[in-house]
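What follows is a single structure, written as structure tokens, with notes after it.
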Amino acid sequence: MEDDGRYRDGRSDFIRGAKDIAKVAKKQVGKKMGRGADKMADEYTKRSYKRFEEEDDDEDYGGAPGNDAGYHRNDSRAANDEDEDAAGHSDSTEGHDEDDEIYEGEYQGIPRADSGGKPGGADGLDAGQAPFRDLSAYEAERRKDQEELAQQYETILQECGHGKFQWTLYFVLGLALMADGVEIFVVGFVLPSAEKDMCLSEPNKGMLGLIVYLGMMVGAFVWGGMADRIGRRQTLLISLSINSVAAFFSSFVQGYSSFLFCRLASGVGIGGSIPIVFSYYSEFLAQEKRGEHLSWLCMFWMIGGIYASAMAWAIIPHYGWSFQMGSAYQFHSWRVFVLVCALPSVAAICALTTMPESPRFFLENGKHDEAWMILKQVHDTNMRAKGYPERVFSVTTIKTVKQMDELVDMGESLAWHQKWRMKLSALFNQVRGNFLAIFSPEYRRTTYMMMAVWFSMSFSYYGLTVWFPDMIKYLQKQEYSSRTKTFTQEHVEHVTFNFTLENQVHKKGQYFNDKFMNLKMKSMVFEDSLFEECYFEDITSSNTFFKNCTFIATLFYNTDLFKYRLINSRLINSTFLHNKEGCLLSDVSDDNNAYMVYFVSFLGTLAVLPGNIVSALLMDKIGRLRML
């Protein structure tokens, strides 16, 4: 009994000493943060926590267990501590955890563990040990936290105001959206030229138009989960980087397969950046500004289309902007256009590095201090721009969402590849969970309706975007064919042709000892003709064919008159030397027609402008559904 009494006296002294140290530390922290912080009422959080209580018995000291394991705070004090803590103490700048550790910084509350038995003794839980709980209970807690955060976050955004910061972010993200829009339009503009440069068949042309959208579909699945794991800004930077690098390399690669792969990678980047741009921007907008400004942001998609049309109009018809190294490597003007279209992505990456991460993402992931600093930056930037630099950001504590990852401890003994495998597995599960959530009974009807609307809109808009240039080319070809000149039963001897031959049909002609040198043949057809002792040198041809012709003692040197151009023709003592390799870019028959392709696309893109303006002005007045 005497030993027990000494033990109880020693324990009581230890408890009093620990509490004295805690009080002194709190006073010092309060002095640093200012005496006036005590008087500020916390209008955002009403949860409470209990301070140390005087113990006269041998019970363990600590926070009394609550009904949940959430974070709590209270601006009131226990009666026995009021006099000692009044001077310079602020609840918003300090905390106390269960192990008596004092820390300084933005206060996030005290995590209090549930107790399954008595708070101490042999039947209680050991220190730091949390009881096992059902996963559904944690999900319910997270959902409750998210609802509270949504309400508080909206109030905070209203205090931050709408001003310089949002407009700066508007132009930065608009540049990113413009870069994505440019890459969408690239394939439609280069397809008529690339099909000749890379000998594309009709199925290959269709795949080239399809591959970007296939990449976008893959990117939409991957980047959405990544944005919830590593942040909106970081994911947007990665997706834009992939887009710009793939676009850059696609302008130089020569083969169809490599070009197809680069466009696929570009589509993966586009598929991530488009939705992230809107979610990132909306998390800095208050509700009354959200619909209008997201509609204004869509204007940059139109600007991207106008930029692509203007660059195609200015660059692709200029065939003098090309060069080649031998006949194997060719860099034509349409490749210059692809390279120029990668510049908006590079500019968007540079601008985005100056912007902060979304504070909503930080709060959803339990990072209170980082979110608070960004929201304060938004508030201070807007207030200074409006001429109120003296206004103080009054928010001290913001609700954070309980993290499921807190239950997982990888440990230090795991190898790096095992940690990465666990992270990838968590990412996959999150993407899968997000995908299944939109088909839950709560969201199923809305999901199917939006899928139908989005499919119909994409099918019509993007389908016409890809189809228009090719269709205009076809109509031009029909009109061009109507102006074809026909020559019959010509007899030409000892003549040198060194000028362009274009849009002609020669039937039953006889050519003896003629020379065709350093010329271009465009849309030329020779039918049932005889070529004897003729010489063809340095010939570049497009849509040129020899049908049922006879070649006697004729030499072909450095030409692209391959045998597939000689249809049902006979070669007698004739020779092909140093044929040009690959498919050369066909020249457009009429430069005005080339400009017309891009001018029509330019007008089609510009036609989006009235819809953007109307939706931005009426979105918040008549509602989203009616506007749609």
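FYI, the numbering for the sequence shown is -1 to 626, going by the numbering used here. Backbone N, C-alpha and C define an ideal beta-carbon position, used for all residues, glycine too.
Reference residue i; option with closest CA among the options
| i | options | result |
| --- | --- | --- |
| residue 618 | 560, 290, 546, 484 | 290 |
| residue 159 | 400, 463, 380 | 380 |
| residue 295 | 625, 624, 611, 626 | 611 |
| residue 235 | 178, 205, 210 | 178 |
| residue 431 | 202, 185, 212, 223 | 223 |
| residue 558 | 550, 565, 260, 576 | 576 |
| residue 153 | 546, 499, 478, 284 | 284 |
| residue 364 | 524, 399, 339, 350 | 399 |
| residue 621 | 293, 419, 564 | 293 |
| residue 606 | 499, 303, 204 | 303 |
| residue 356 | 546, 206, 151, 573 | 151 |
| residue 572 | 532, 514, 232 | 532 |
| residue 349 | 147, 597, 172 | 172 |
| residue 626 | 210, 140, 377, 454 | 454 |
| residue 496 | 516, 251, 413 | 516 |
| residue 488 | 354, 139, 524 | 524 |
| residue 433 | 451, 220, 564, 174 | 220 |
| residue 233 | 216, 274, 214 | 274 |
| residue 526 | 540, 511, 567 | 567 |
| residue 174 | 267, 287, 596 | 267 |
| residue 386 | 378, 392, 393 | 378 |
| residue 165 | 216, 282, 261 | 282 |
| residue 578 | 134, 539, 600 | 539 |
Under the three-state DSSP convention, the category residue i falls into
| i | result |
| --- | --- |
| residue 505 | strand |
| residue 39 | Only weak support exists for where residue 39 lies, its pLDDT of 39 falling under 50; the coordinates are left without a value. |
| residue 465 | helix |
| residue 564 | strand |
| residue 491 | strand |
| residue 669 | For residue 669 there is no data in the structure shown, the boundaries of the chain being -1 and 626. |
| residue 142 | helix |
| residue 554 | strand |
| residue 129 | Reliability fails at residue 129, whose pLDDT of 46 lies under 50, so the model's placement of it is uncertain and no value is given. |
| residue 176 | helix |
| residue 353 | coil |
| residue 86 | The pLDDT assigned to residue 86 is 41, lower than 50, so where the model puts this residue is not dependable; a value taken from the coordinates is nonetheless given after this. Residue state, collapsed to three classes: coil. |
| residue 412 | coil |
| residue 400 | coil |
| residue 525 | strand |
| residue 545 | strand |
| residue 483 | strand |
| residue 198 | coil |
| residue 123 | Confidence in residue 123 is poor, its pLDDT being 40 and thus under 50, which makes the residue's placement unreliable; the coordinate value appears in the next sentence. If DSSP states are grouped into helix, strand and coil, residue 123 belongs with coil. |
| residue 629 | With the chain running from -1 to 626 in the structure shown, residue 629 is simply not present. |
| residue 630 | What the structure shows of the chain is the stretch from -1 to 626, and residue 630 is not part of that stretch, so it cannot be assessed. |
| residue 344 | helix |
| residue 250 | coil |
| residue 499 | strand |
| residue 211 | helix |
| residue 171 | helix |
| residue 276 | helix |
| residue 394 | coil |
| residue 302 | helix |
Counterpart residues of residue i in DSSP-defined beta bridges
| i | result |
| --- | --- |
| residue 540 | 520 |
| residue 515 | 535 |
| residue 570 | 550 |
| residue 477 | Answer is none; residue 477 lacks a bridge partner. |
| residue 628 | A question about residue 628 goes unanswered here, because the residues of the chain that appear run from -1 up to 626. |
| residue 286 | Bridge partners of residue 286: none, in fact. |
| residue 425 | Its beta-bridge partners do not exist; DSSP assigns none. |
| residue 510 | 491, 530 |
Contact belief for residue i with residue j at Cβ below 8 angstroms, rounded distance in angstroms
| i | j | result |
| --- | --- | --- |
| residue 548 | residue 528 | 5 angstroms |
| residue 530 | residue 555 | With a Cβ gap of about 17 angstroms, residue 530 and residue 555 do not count as contacting. |
| residue 269 | residue 225 | About 12 angstroms separates the two Cβ atoms, so there is no contact after all. |
| residue 249 | residue 341 | Actually they are not in contact, since the Cβ atoms of residue 249 and residue 341 sit about 11 angstroms apart, beyond 8 angstroms. |
| residue 213 | residue 263 | 7 angstroms |
Closer than 8 angstroms to chain B by CB, residue i
| i | result |
| --- | --- |
| residue 359 | Here there is only one protein chain, and chain B is not present. |
### Query
If you pair each beta-carbon of the segment 458 to 466 with each one of the segment 481 to 498, do three or more pairs fall below 8 angstroms?
no
### Query
Can you find at least 3 beta carbon pairs, one from the segment 238 to 245 and one from the segment 277 to 287, that sit closer than 8 angstroms?
no
### Message
Whether or not the segment 358 to 375 and the segment 180 to 194 are in contact is what I'm after, with contact meaning three or more pairs of Cβ atoms, one per stretch, closer than 8 angstroms; do they touch?
### Response
no
### Task
Examine the Cβ distances between the segment 305 to 315 and the segment 169 to 184 and report whether three or more of them are shorter than 8 angstroms.
yes
### Query
Quick one: any contact between the segment 204 to 211 and the segment 134 to 148, if contact means 3 or more CB pairs under 8 angstroms?
no
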